[in-house]
Amino acid sequence: MYRKSPQSSITPDNFNLPFEGKLSPNNRWVIMAELIPWAEFEEEYGKIFSQTTGAPAKPFRMALGALIIKEKLGTSDRETLEQIKENPYLQYFIGLSSYSNEEPFESSMMVHFRQRIDSKIVNKINQKIVKNLREINQEEENNKKKAEEREVEKILNKGKLILDATCAPGDIKYPNDLSLLNQARQQTEKILDCLYKSVKISLKKPRTYRKSGRKDYLKVVKKRRPSEKERREAIRKQLQYVKRNLSHIDKLIEAGAELSRLRSTKYKMLLVVVEVYRQQLWMYQNFSSRIDDRIVSLTQPHIRPIVRGKAGKPVEFGAKISVSCFENYVFLDHLSWDNFNESGDLKFQVERYKEFTGYYPESIHVDKIYRTRANREWCKVRGIRISGPPLGRPPKNVIQQDKKQAIDDERFRNAIEGKFGQAKRRFSLNLVMTKLPETSETSIAITFLVVNLSTLLRQFLSIFLWLFFKSKTFELKQQF
């Protein structure tokens with residue numbers, strides 16, 4: 003059940019502190035709380051709950067605020083709760099009206115928050131925050147300009163749009179076929195033990211060869227450089243162990259063992275192991291190292307290998323994301339656990355830019371994969387310049403102006419690489435620790451929301467410092 007909380011009228015001045023103090027309105031958490039439109043998305047958040055049954059859920063501001071705090075501080079779920087308990091500014095940020103020494107919720111609720119607030123809601127909030135600020139700035143600019151100038155600007159394309167894609171690696175062990183099959187063998191042994199408990203009176207426990215399986219695995223894995231023949235032999239043996247165990251599981255089910263006795267996680271693991279066995283057997287028989295929808299982790303079967311071709315990391319394992327950046331703000335446009343060609347997102351991202359700003363961009367700054375013939379023609383019809391050299395053989399004599407334009411375009415495109423660096427080095431995009439696909443998607447979306455909030459925070463800080471030094475300069479002039 004979800005009860006819509008009344009419109010919050012809490013300000014830093016009336017937040018109750020036990021020592022009769024006041025919160026500073028210039029604190030970063032107070033500023034960020036003012037930037038986020040909590041009330042606009044609370045109704046959408048409340049739709050996922052029953053209006054009549056169940057315990058009242060935590061407010062939307064508390065749920066989203068806790069996720070932002072975790073990403074901003076780079077802490078674990080438990081440490082995030084400790085930080086909130088100790089810091090009155092964080093308690094104000096999540097919507098509490100007074101300071102409390104108790105935790106507002108259990109740390110396990112963070113998982114439920116990530117499941118309830120999906121990536122679509124987070125992306126909407128991200129866009130709304132930037133849109134609100136742009137409307138304020140645009141209104142100020144329009145007041146300064148004449149009506150004729152505004153009419154001309156409506157016709158012309160404006161702004162520069164940067165597009166790029168990257169990978170958000172998941173928290174999994176670097177996969178190899180032998181280790182994956184060894185884990186599958188161990189999981190089938192645990193499932194066998196669980197199913198046998200219901201029929202042990204009428205049936206002798208099947209032999210699993212678990213000691214032999216582990217011995218064969220360690221024999222190869224402990225070698226520094228096993229040969230291809232030794233590796234294939236070890237894979238063949240592990241495939242046989244897994245096949246035998248799956249056969250025993252089928253016989254136990256025929257003898258009366260019920261799959262309902264398995265926990266949901268064990269049942270899901272059984273389905274994953276069956277698919278892993280099918281894939282690994284096909285690759286072994288066909289002397290292949292690739293297969294469609296290849297599973298590389300038993301605990302996170304949604305993760306796929308993403309071929310990047312980068313130096314040092316030719317393949318990454320996680321979600322592939324397509325991102326757009328303009329005016330120093332970054333937006334998550336496409337997230338997929340399967341590999342995709344990001345050039346197909348260009349038209350959608352440009353149309354989204356127009357929907358957001360009201361006009362097409364003047365230029366699009368992309369790398370080589372986006373510069374297809376279809377994308378170039380589509381941009382040309384709409385009067386959009388796409389960065390990079392034209393298709394075909396490069397001319398012998400390059401015009402100096404074109405050369406300078408190409409250099410400037412590449413320099414400008416570095417902005418999105420900086421955003422990726424900030425998201426991966428300062429925040430958690432370089433290693434997504436969440437395990438479920440929906441919670442991982444929310445975590446990735448929250449990262450880009452916090453990146454934009456950090457940008458806005460720097461802008462407010464710059465304005466504050468400028469006003470502060472301006473007032474100090476004015477005071478000094480008056481003195482002299």
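Taken in order, the sequence shown gives residues 3 to 482; the numbers are from the numbering used here. From the three backbone atoms N, C-alpha and C, an ideal C-beta is built for every residue, glycine too.
Since residue i sits in a beta bridge, which residues does DSSP pair it with?
i    : result
P171 : G320
H367 : I164
N18  : S100
H250 : DSSP, once it has assigned bridges, lists no residue as partnering H250.
V332 : C327
I2   : Nothing can be reported for residue 2, as the shown portion of the chain is limited to 3 through 482.
R306 : G320
L337 : I323
Select from the options the residue whose C-alpha is nearest the C-alpha of residue i.
i    : options                : result
C327 : F450, D79, L438        : F450
K437 : K315, P391, H304       : H304
R346 : S338, Y372, Q93, L273  : This sequence places Gly at residue 346; Arg is not what is there. When each option's Cα is compared against that of G346, the closest is Y372.
R296 : E277, Q403, G314, K312 : E277
I70  : S100, P14, D15, I127   : I127
Q407 : I366, G394, P171, E419 : I366
L182 : L273, S324, L165, I237 : I237
Q424 : V452, R413, S442       : V452
R387 : G394, K24, R378        : R378
N125 : S445, I401, R375, I164 : S445
F494 : S324, G97, V275        : Given that the chain is displayed from residue 3 to residue 482, the structure contains no residue 494 and the question cannot be resolved.
Y4   : I33, A65, L205, L37    : A65
K349 : L165, Q461, V113       : L165
L431 : F51, K74, G56          : K74
K49  : F62, I38, P39          : F62
K207 : G215, Y198, N159       : Y198
L272 : H250, L433, N399       : H250
G258 : T301, V368, S200       : S200
R116 : E137, M435, T457       : M435
D369 : E353, V352, R354, E344 : E344
Can you tell me which of the three DSSP states residue i falls into?
i    : result
K207 : coil
S100 : strand
P90  : helix
D294 : coil
I401 : coil
V434 : strand
F476 : Low per-residue confidence applies at F476: pLDDT is 48, beneath 50, and the placement is therefore not dependable enough to give any value.
I12  : coil
G311 : strand
F342 : coil
V325 : strand
L75  : helix
L25  : coil
L463 : helix
A408 : helix
L264 : coil
N125 : helix
E108 : coil
R226 : coil
Y4   : coil
T444 : helix
F414 : helix
R395 : coil
P58  : coil
N454 : helix
L300 : coil
A236 : helix
N288 : coil
Since residue i is in the alpha helix (DSSP H), which residue starts that stretch and which ends it?
i    : result
Y47  : 40-48
Y219 : 212-223
H114 : 111-118
N184 : 179-198
L158 : Where L158 is concerned, there is no enclosing alpha helix (DSSP H), given that its DSSP letter is neither H nor E.
V32  : 30-37
L348 : 348-359
N377 : 375-383
Can you give the beta carbon distance from residue i to residue j, rounded, assuming they're within the 8 Å contact cut?
i    : j    : result
V332 : K421 : 5 Å
A488 : Y101 : A question about residue 488 goes unanswered here, because the residues of the chain that appear run from 3 up to 482.
K133 : P363 : No, K133 and P363 are not in contact; Cβ-Cβ is about 16 Å, not under 8 Å.
F462 : I33  : 6 Å
E443 : D120 : 7 Å
S338 : K322 : 6 Å
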